[in-house]
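Number 57 in the numbering used here belongs to position 12 of the sequence shown; there are no gaps in the numbering.
We treat Cβ as the ideally placed atom computed from N, Cα and C, and that holds for glycine.
A short worksheet on the structure shown next.
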Amino acid sequence: MWKPDRQSKKPLYEQIADHLEKRIAYSEFPPGSLLPSERKLAEQLGVNRSTVILAFAELRSMGIIESRTGSGTRVSRTKWGATPKHTPNWNRYAEGGSFLPNLPFLRKIRDALSQDPSLIDFASGELAADLAPLDEIAALMREHHYTSYLGYDNPQGYIPLRQSLVDYLQKYRGIQTTESSIMITSGSQQSLYLITQCLLSPGDAVAIEDPSYCYSLPMFQSAGLRLFRLPIDQYGVHPEDIRELYKKHRIKMVFLNPNFQNPTGAVISSERREQLFSVASELGLPIVEDDPFSLTAFEGTAPAPLKSMDSNGNILYIGSFSKIAASGLRIGWMVAPNSIVQRLADARQQMDFGLSVIPQQVAAQFIKSDYFQPHLDRLQIQLQFKRDLLIESLRRELGDQISFVTPQGGLHLWCMLTPKVPDGKLLDEAIRRGVAFVPGSVYGSDSGFVRFTYARAKTEEIESGIAKFAEALHSLTD
Ligand SMILES: Cc1ncc(COP(=O)(O)O)c(C=O)c1O
46 MWKPDRQSKK PLYEQIADHL EKRIAYSEFP PGSLLPSERK LAEQLGVNRS
96 TVILAFAELR SMGIIESRTG SGTRVSRTKW GATPKHTPNW NRYAEGGSFL
146 PNLPFLRKIR DALSQDPSLI DFASGELAAD LAPLDEIAAL MREHHYTSYL
196 GYDNPQGYIP LRQSLVDYLQ KYRGIQTTES SIMITSGSQQ SLYLITQCLL
246 SPGDAVAIED PSYCYSLPMF QSAGLRLFRL PIDQYGVHPE DIRELYKKHR
296 IKMVFLNPNF QNPTGAVISS ERREQLFSVA SELGLPIVED DPFSLTAFEG
346 TAPAPLKSMD SNGNILYIGS FSKIAASGLR IGWMVAPNSI VQRLADARQQ
396 MDFGLSVIPQ QVAAQFIKSD YFQPHLDRLQ IQLQFKRDLL IESLRRELGD
446 QISFVTPQGG LHLWCMLTPK VPDGKLLDEA IRRGVAFVPG SVYGSDSGFV
496 RFTYARAKTE EIESGIAKFA EALHSLTD
């Protein structure tokens, strides 16, 4: 992001005025549109608000912008450009379409992280650079020639990647499948999107865990689905609740994240897995099994996925590279009955002709390479180390003000705070002190819960990040 040059002889306010004039001339801010507030710009550019006030005064004197008390500063409609021209009302367009905006807390966190790269990040649900197999991927890219042909590929996914996944799923998840039952996606997020858009219709009722990652996705509401909650405890959902929801609301699908659930870390017990099967097969109900975290299991192996026992064909299984290798590769997969794979591949063809071949080639090489298993072994140890460091820091800083169940895998720690403080205030205070986390309400829970991701922050940031969080909490409770 552009910042004024403090070494330059040109005063900061003039640099800012020139920069804004350029952005206006390039139509980033068309005539009549609202500019960011003085306070926000000052924050973004790392200058005093008075410097932005001077820059605005400069642009105002040239007739480029106009300010009205209470309604902010806008690009002038009349003086900017010689003849009156009509610009589309972009604000109205921006409110169109079927996508709802992201949740305000998530937008706030994303803005704060992009404006201040020094913020300690306990919010982003992904691996830090030191946990990702960057050297291994670089080595594979040097060793292999990836661009023999770069045409449109199969929208169902690159065949050698699907073949590698057949072996991977058998070896690591006990799932027997064929390459024609696998669909490659740009991550679990896209798998969920394809399911909601292609297999469900507006008004359909679906059940999701409470709390759940799914609450953070306006994608479900954008698709017009009615969401019903399945409260979870340490051992996951209660299968009988599914039967109740089916009776009352005729739910059409159930979304579960059975191993190291995001955000709680819960693992569905084997007894409940069996009950889930009997309820789902009795009602002919599909279960979407979202399984991104299993290979992070800290000790032993994670319980076998529902899909590995699915002789009846009730489970749509989705997996991803994001939490075990690198979220930026954007590689995910789905294992589903043939009719579903065909339907989704047809939709992919309409949407974007399928995923870029290059990351699929890299992923195919990586999972069958000798790098993969040692990477997983290292990842598990390092994640566990970060989890322990986070827990130690929380116990030291917050003692009995915080409680949690220690997760045995995954990237997140789900905590309850006592006394409860309002989510929004706590987030503001934390960001002001240089640390970000995700408030529990994003996942559908009440105030008083927080999710810390231990995988994303650098090891050396964890203690100081929690000290800052504790200060933020104490500023609201003392
Ligand atoms: C439970 C769960 N499902 C799906 C996703 C989406 O991940 P991706 O699209 O990167 O595979 C996430 C990411 O945080 C997640 O936690």
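Item to check | Near ligand 3: residue 261 beta-carbon under 6 Å from a heavy atom | outcome: The model on display carries ligand 1 but not ligand 3.
Item to check | Enclosing beta strand (DSSP E) for residue 335 [first to last residue] | outcome: Indexing the sequence shown from 1 puts residue 335 at position 290. 332 to 335 is the span of the beta strand (DSSP E), which, as asked, contains residue 335.
Item to check | Residues sharing a beta bridge with residue 229, DSSP | outcome: Numbered from its first residue, the sequence shown carries residue 229 at position 184. The partner list for residue 229 (beta bridge, DSSP) reads 378.
Item to check | residue 275 to residue 343 span [Cα, whole Å] | outcome: Working through the sequence shown from its first residue, we reach residue 275 at position 230. Working through the sequence shown from its first residue, we reach residue 343 at position 298. CA-to-CA, the gap between residue 275 and residue 343 works out to about 27 Å.
Checklist entry - What's the gap between the Cα of residue 300 and the Cα of residue 334? => result The sequence position of residue 300 within the sequence shown is 255, counting from 1. The sequence position of residue 334 within the sequence shown is 289, counting from 1. The straight-line gap from Cα to Cα measures roughly 6 Å.
Item to check | Neighbour-count burial assignment, residue 503, 16 or more Cβ in a 10 Å radius | outcome: Within the sequence shown, residue 503 is the residue found at index 458, counting from 1. Classification of residue 503: exposed, given that the 10 Å Cβ count is below 16.
Checklist entry - Taking the C-alpha atoms as reference points, what is the distance between residue 428 and residue 368? => result By 1-based counting over the sequence shown, the position of residue 428 is 383. By 1-based counting over the sequence shown, the position of residue 368 is 323. Computed Cα separation, rounded: 11 Å.
Item to check | Own chain partners of residue 321 with C-beta closer than 6 Å, once the 5 adjacent residues on each side are dropped | outcome: Here residue 321 refers to the residue found at position 276 when the sequence shown is read from its first residue. Result list for residue 321: 284, in chain order.
Checklist entry - Taking the alpha carbon of residue 374 as the point to measure from, which residue in 348, 481, 405 has its own alpha carbon closest? => result Position 329 of the sequence shown holds residue 374. Ranking 348, 481, 405 by Cα distance to residue 374 puts 405 first.
Next on the checklist: Based on DSSP bridge pairs, tell me the residues matched to residue 365.
Outcome noted: By 1-based counting over the sequence shown, the position of residue 365 is 320. In DSSP, residue 365 forms a bridge with 377.
Checklist entry - So what's residue 249 in DSSP terms, helix, strand or just coil? => result Here residue 249 refers to the residue found at position 204 when the sequence shown is read from its first residue. In the structure shown, residue 249 sits in coil (DSSP, three-state: anything other than H, G, I, E or B).
Checklist entry - The beta strand (DSSP E) with residue 447 in it runs from where to where? => result Within the sequence shown, the letter at position 402 stands for residue 447. Counting along the chain, the beta strand (DSSP E) containing residue 447 begins and ends at 447 to 449.
Item to check | Straight-line Cα distance separating residue 387 from residue 561 | outcome: The requested residue 561 is not part of the displayed model; the chain covers only 46 to 523.
Next on the checklist: Looking at ligand 1, does it come within less than 6 Å of residue 367, judged from the CB to the closest heavy atom?
Outcome noted: Your numbering for residue 367 matches position 322 in the sequence shown. Yes.
Next on the checklist: Rounded to whole angstroms, what is the Cα-Cα separation between residue 523 and residue 468?
Outcome noted: The sequence position of residue 523 within the sequence shown is 478, counting from 1. The sequence position of residue 468 within the sequence shown is 423, counting from 1. The alpha-carbon atoms of residue 523 and residue 468 are separated by roughly 16 Å.
Item to check | Top-ranked residue by Cα proximity to residue 79, from 55, 48, 116 | outcome: Within the sequence shown, residue 79 is the residue found at index 34, counting from 1. Checking every option, the nearest Cα to that of residue 79 belongs to 116.
Checklist entry - Heavy atom of ligand 1 less than 6 Å from the Cβ of residue 302, yes or no? => result Indexing the sequence shown from 1 puts residue 302 at position 257. Yes, Cβ of residue 302 sits closer than 6 Å to a heavy atom of ligand 1.
Checklist entry - Under a Cβ-count criterion, where at least 16 other Cβ atoms within 10 Å of its own Cβ denotes burial, should residue 270 be classed as buried or exposed? => result Position 225 of the sequence shown, counting from 1, holds the residue named residue 270. The residue in question, residue 270, is buried, as its Cβ has 16 or more Cβ neighbours within 10 Å.
Next on the checklist: Could you check if residue 307 belongs to the surroundings of ligand 1, using beta carbon to heavy atom distance under 6 Å?
Outcome noted: The count along the sequence shown starts at 1 and reaches residue 307 at position 262. It does: the Cβ of residue 307 is within 6 Å (strictly closer) of some heavy atom of ligand 1.
Checklist entry - So, do the segment 249 to 261 and the segment 291 to 311 have three or more beta carbon pairs nearer to each other than 8 Å? => result yes
Next on the checklist: Any heavy atom of ligand 1 inside 6 Å of the beta-carbon of residue 339?
Outcome noted: The residue given as residue 339 occupies position 294 in the sequence shown. Incorrect: residue 339 has no Cβ contact closer than 6 Å to ligand 1.
Checklist entry - Out of curiosity, what's the CA-to-CA distance linking residue 200 and residue 159? => result Translated into the one-based positions of the sequence shown, residue 200 becomes position 155. Translated into the one-based positions of the sequence shown, residue 159 becomes position 114. Straight-line Cα distance between these residues: approximately 33 Å.
Next on the checklist: If you measure between the beta carbons of residue 154 and residue 168, is that distance less than 7 Å?
Outcome noted: Against the sequence shown, residue 154 aligns to sequence position 109. Against the sequence shown, residue 168 aligns to sequence position 123. Going by C-beta atoms, residue 154 is nearer than 7 Å to residue 168.
Item to check | Endpoints, the alpha helix (DSSP H) within which residue 522 is located | outcome: Residue mapping note: residue 522 aligns to position 477 of the sequence shown, counting from 1. Run containing residue 522: 507 to 522, per the alpha helix (DSSP H) assignment.
Checklist entry - Short check: CB of residue 478 to CB of residue 508, under 7 Å? => result Within the sequence shown, the letter at position 433 stands for residue 478. Within the sequence shown, the letter at position 463 stands for residue 508. Not a contact, by the Cβ cut-off of 7 Å.
Item to check | Continuous beta strand (DSSP E) assignments of at least 3 residues falling wholly in the segment 190 to 215 | outcome: none
Checklist entry - Under a three-way DSSP split, which group does residue 296 fall into? => result Translated into the one-based positions of the sequence shown, residue 296 becomes position 251. Correct three-state label for residue 296: coil.
Item to check | Nearest-angstrom Cα separation, counted from residue 458 out to residue 309 | outcome: By 1-based counting over the sequence shown, the position of residue 309 is 264. By 1-based counting over the sequence shown, the position of residue 458 is 413. Cα-Cα distance, rounded: 7 Å.
Checklist entry - If you draw a straight line from the C-alpha of residue 127 to the C-alpha of residue 64, how long is it? => result Within the sequence shown, residue 127 is the residue found at index 82, counting from 1. Within the sequence shown, residue 64 is the residue found at index 19, counting from 1. Caution applies to residue 127, whose pLDDT of 48 falls short of 50 and renders its modelled position unreliable; the value that the coordinates give is listed next. Approximately 21 Å between the Cα atoms of the pair.
Checklist entry - Relative to ligand 1, is the shortest distance from any of its heavy atoms to the C-beta of residue 281 smaller than 6 Å? => result Here residue 281 refers to the residue found at position 236 of the sequence shown. It does not: the Cβ of residue 281 is nowhere closer than 6 Å to a heavy atom of ligand 1.
Checklist entry - Which residues in the same chain as residue 463 place their Cβ atom closer than 7 Å to its Cβ, once the five residues preceding and following it in sequence are excluded? => result Taking the first residue of the sequence shown as 1, we reach residue 463 at position 418. Result list for residue 463: 446, in chain order.
Checklist entry - Which word fits residue 313, buried or exposed, when buried means at least 16 other C-beta atoms lie within 10 angstroms of its C-beta? => result In the sequence shown, residue 313 corresponds to position 268, counting from 1. Buried, by the Cβ-count rule.
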